[in-house]
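Numbering (UniProt numbering), first residue to last: 1 to 366.
To start, the structure under review is shown below, and the notes come after it.
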Amino acid sequence: MSEVQRLLRPDLRGRTAYGAPQLDVPVCLNTNESSYPVPEVVIRAVLDALEADLSSLNRYPDREFTDLRKALTAYVERQAGVAVTPEQVWAGNGSNEVLSHIVQAFGGPGRIALGFTPSYSMHPIIAETLGTTWVDGLREAETFDLTVAAAADQARAHDPSIVFLCSPNNPTGTALPFDVIGAVLEAAPNAVVVVDEAYAEFARPGTPSALSLLADHERLVVTRTMSKAFAFAGGRLGYLVASEELVDALRLVRLPYHLSTPTQTIARVALEHAELMLSTVEAIKAERDRIVRELASLGATPVESDANFVLFGGLPDEKATWQALLDRGILVRDVGIRHHLRVTAGTPAETTRFLEAMTELAPTHV
Ligand code: PMP
Numbered sequence: 001m002s003e004v005q006r007l008l009r010p011d012l013r014g015r016t017a018y019g020a021p022q023l024d025v026p027v028c029l030n031t032n033e034s035s036y037p038v039p040e041v042v043i044r045a046v047l048d049a050l051e052a053d054l055s056s057l058n059r060y061p062d063r064e065f066t067d068l069r070k071a072l073t074a075y076v077e078r079q080a081g082v083a084v085t086p087e088q089v090w091a092g093n094g095s096n097e098v099l100s101h102i103v104q105a106f107g108g109p110g111r112i113a114l115g116f117t118p119s120y121s122m123h124p125i126i127a128e129t130l131g132t133t134w135v136d137g138l139r140e141a142e143t144f145d146l147t148v149a150a151a152a153d154q155a156r157a158h159d160p161s162i163v164f165l166c167s168p169n170n171p172t173g174t175a176l177p178f179d180v181i182g183a184v185l186e187a188a189p190n191a192v193v194v195v196d197e198a199y200a201e202f203a204r205p206g207t208p209s210a211l212s213l214l215a216d217h218e219r220l221v222v223t224r225t226m227s228k229a230f231a232f233a234g235g236r237l238g239y240l241v242a243s244e245e246l247v248d249a250l251r252l253v254r255l256p257y258h259l260s261t262p263t264q265t266i267a268r269v270a271l272e273h274a275e276l277m278l279s280t281v282e283a284i285k286a287e288r289d290r291i292v293r294e295l296a297s298l299g300a301t302p303v304e305s306d307a308n309f310v311l312f313g314g315l316p317d318e319k320a321t322w323q324a325l326l327d328r329g330i331l332v333r334d335v336g337i338r339h340h341l342r343v344t345a346g347t348p349a350e351t352t353r354f355l356e357a358m359t360e361l362a363p364t365h366v
């Protein structure tokens with residue numbers, strides 16, 4: 001054992017770091033980013049606002065990110081039609097950071113976090129690296145569905161301190177049956193229940209948001225991000241909405257001044273241009289639905305999606321298909337589910353390149 005391994009926390013030894021490949025390829029459809037660049041108008045507005053900031057970089061940023069909170073509050077109210085106060089909103093450098101704040105405050109040694117696999121791979125990583133015991137709850141084997149009864153039974157059995165739900169779920173793409181949330185809140189009375197809604201803006205019409213349940217549940221947290229529909233992954237801004245008391249508790253664990261002055265400014269200006277930043281969502285949804293249709297016609301088994309990506313099965317050897325796509329300049333994601341891959345819905349041209357490659361590969365790969 002090396003010196004460093006000997007000194008490392010025993011529960012971290014042998015772990016591998018999160019590692020979605022970052023390769024320089026023409027068609028990058030593996031991390032559910034937006035393929036559309038930031039609009040010129042927003043770039044100009046950001047540059048103007050940043051210029052005003054630069055002379056004050058000798059000072060720490062606003063620790064409570066007051067203006068950004070107000071902008072996020074207004075956006076959430078508009079997007080979801082739910083009344084919230086700025087004190088109910090919290091933000092971090094990506095929703096990964098706000099998820100880690102939740103685990104720091106409500107998980108930790110001797111406590112259990114429950115999630116339902118397959119789901120977002122960072123939920124167990126964040127829980128375990130912060131010393132929380134992870135329990136891998138299960139979905140239906142073939143369909144990846146999570147029924148109300150299965151979720152409630154598993155929540156009751158483990159008495160967790162945190163439950164992670166994800167809707168629309170990554171990597172499967174489908175929104176959770178809405179009743180699961182209420183059932184889990186009831187079955188796990190000692191848990192903070194997190195609904196990760198990173199992909200909410202892509203959901204099919206009529207899909208309710210867990211935000212609508214917040215008024216009645218102090219233990220419920222809804223996390224969201226500007227990385228996906230907002231086309232702002234590089235800006236690193238994720239946020240959550242919860243009860244004022246729960247949000248206040250997160251101030252105990254965050255590092256002071258965790259959101260830099262430029263981060264706060266860039267995100268706030270982007271939110272001022274929300275309509276423009278989100279103007280590609282319908283186009284992305286159209287490509288997503290096209291991917292589902294056309295992969296099905298090739299004999300693959302795509303899962304219906306409420307997100308900006310599609311999980312598809314029916315591949316005899318998913319690793320060979322992943323490589324064959326990469327050989328054609330197309331990077332998709334192997335999410336570790338046998339016979340399946342996940343592809344992000346990009347521009348129409350990117351979708352065409354992906355579907356043409358799949359058509360060429362289908363005779364031996366599907
Ligand atoms: N939640 C889910 C379900 C995700 O898929 C992702 C990104 N892949 C995140 C959270 C984290 O996104 P970010 O940190 O960029 O906000």
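Ideal Cβ placement from N, Cα and C applies to all residues, glycine included.
| query | result |
| --- | --- |
| Under the three-state DSSP convention, the category A91 falls into | strand |
| Distance between beta carbons of A151 and F116, contact taken as under 8 angstroms | 7 angstroms |
| The stretch 144–163 in contact with the stretch 282–301 per 3-pair CB rule at 8 angstroms | no |
| Rounded C-alpha distance that separates K70 from P118 | 35 angstroms |
| CB of L276 within 8 angstroms of CB of V42, strictly | yes |
| Same chain only: Cβ atoms within 7 angstroms of R353, ignoring 5 sequence neighbours per side | V27 and I330 |
| Neighbour-count burial assignment, E350, 16 or more Cβ in a 10 Å radius | buried |
| Touch test, the stretch 97–112 against the stretch 63–81, Cβ-Cβ under 8 angstroms, three pairs minimum | no |
| Segment contact flag, the stretch 57–65 with the stretch 196–206, C-beta cutoff 8 angstroms, min 3 pairs | no |
| Cβ neighbour criterion (16 or more within 10 Å) applied to M1 | exposed |
| Sheet register partners of D24 (DSSP bridge) | Partner(s): none; D24 has no beta bridge. |
| Of the residues E218, P177 and L355, the one placed nearest A191, counting alpha carbons only | E218 |
| Three-state secondary structure assigned by DSSP to Y239 | strand |
| Collapsed DSSP secondary structure at A113 in the structure displayed | strand |
| Distance cut-off 7 angstroms: N308 Cβ against heavy atoms of ligand 1 | no |
| Proximity of G299 and A362 at Cβ, strictly below 8 angstroms | yes |
| Nearest to Y120 (by Cα), restricted to the options V247, P177 and P168 | P168 |
| Own chain partners of T187 with C-beta closer than 8 angstroms, once the 5 adjacent residues on each side are dropped | Looking at the sequence itself, residue 187 is Ala, so the reference to Thr does not match. Hits under 8 angstroms: A151, A152, D153, A155 and R156. |
| Boundaries (first-last residue) of the beta strand (DSSP E) holding L271 | Counting along the chain, L271 falls outside any beta strand (DSSP E), though it belongs to the alpha helix (DSSP H) covering T261 to E272. |
| Residues that DSSP places opposite L220 in a beta bridge | V193 |
| Contact the stretch 300–307 vs the stretch 320–335: 3+ CB pairs below 8 angstroms | no |
| Proximity test, Cβ basis, 8 angstroms: F144 and chain C | No chain C is present in this structure, which holds just one protein chain. |
| Distance cut-off 7 angstroms: R13 Cβ against heavy atoms of ligand 3 | Questions concerning ligand 3 fall outside what the structure shown contains, since the ligands it does hold are ligand 1. |
| Stretch pair the stretch 88–97 + the stretch 248–265: three plus CB contacts closer than 8 angstroms | yes |
| Where P86 sits in the DSSP three-state scheme | helix |
| Rounded distance between the beta-carbons of A183 and E197, thought under 8 angstroms | The Cβ separation is near 18 angstroms, so there is no contact. |
| 7 angstroms Cβ shell around V148 - same chain, five flanking residues per side excluded | P177, D179, V180 and A183 |
| Touching by the beta-carbon criterion (3+ pairs, under 8 angstroms), the stretch 124–134 and the stretch 262–279 | no |
| Exposure label - A357; buried when at least 16 CB within 10 Å | buried |
| DSSP state of R78 mapped onto helix, strand, coil | helix |
| Among P37, T66 and A20, nearest to V335 - alpha-carbon criterion | A20 |
| D196 beta carbon near ligand 1 (any heavy atom closer than 7 angstroms) | yes |
| Residue span of the alpha helix (DSSP H) that contains I337, given as start and end | Taken as a continuous stretch (DSSP letters only), I337 belongs to no alpha helix (DSSP H), as it is neither H nor E. |
| Closest by C-alpha distance to C166, when choosing among H158, D159 and F144 | F144 |
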